[in-house]
Structure formats: C-alpha cells, structure tokens
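Working notes for the structure below.
Encoded structure:
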C-alpha cells in the first residue's frame, strides 16, 4: 500500500567517509525516477505480509509513469497531486545511508529482452 515517505528536500549526508563521497560524485549525473505525493514526499510501498516500507526508483521515466498509473488504480487517494519526479542517483544512495530501503526497478525493455534470451537458451 502506498504511504508517505521521506521528504525530497531532506537529505542528510549520513556516513561521510571518502568512499561514500566518491560514490555520490559518480552517481550525481544519473537520473532515476520516483513517485511523489502532493507534499513532495516519496511514495513508499508497504508489503502486506511484512509491513516493511520500500522506495521504488525506475531507471526509465516511462516505467515510473506506468507504475504511477498502477498505484492510482490500487489507491484512489493517490490521484490528486501524485507525480513522477527525477532524482539524481546519488540522492538515492544518501537515502540508503539514512536507513531508507529502496529498490531500483530495471528498464522494462531490458527485462523483456532478458526473458527472450533465457527462453531461447532453454
């Protein structure tokens, strides 16, 4: 179920080690796409069985837009003000350092191609 998450503007640096800085610098120019609500908070999904919250980030904007439409069907309350937002991948890394669980969702075309190759191999 969708719920409110971390504010898009509230990133703390968390762990400030050299390795973290190098990773953040490399990821700064890589966009990923997330869902946000009308308060500019990430939309987190919660597992029905586990109750754990998870932030979903798509590698393609089109996939995030499809995800948003699916979420709106599941939760009509999401309709007003919900949108797809671009986020630099280094910000996602910072969220991980702050203890927010997330998943990067692969490009749907890549998944289809992988399944096709897998089927050819069997």
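In our numbering, the protein residues as written are 424 to 545.
All C-beta atoms in this analysis are idealised placements derived from N, C-alpha and C, irrespective of residue type, glycine included.
Continuous beta strand (DSSP E) stretch holding residue i: start and end
i           : result
residue 528 : 525-528
residue 466 : 464-469
Cβ neighbour criterion (16 or more within 10 Å) applied to residue i
i           : result
residue 453 : exposed
residue 486 : buried
residue 493 : exposed
residue 529 : exposed
residue 517 : buried
residue 540 : exposed
residue 462 : exposed
Distance, residue j Cα to residue i Cα
i           : j           : result
residue 468 : residue 484 : 18 angstroms
residue 531 : residue 456 : 14 angstroms
residue 533 : residue 542 : 14 angstroms
Identity of the residues DSSP links to residue i by a beta bridge
i           : result
residue 506 : 459
residue 544 : DSSP lists no partner for residue 544.
residue 511 : 454
Boundaries (first-last residue) of the alpha helix (DSSP H) holding residue i
i           : result
residue 482 : Residue 482 -> no alpha helix (DSSP H), and no H or E assigned at all.
residue 472 : Neither: residue 472 is in no alpha helix (DSSP H) and is coded neither H nor E.
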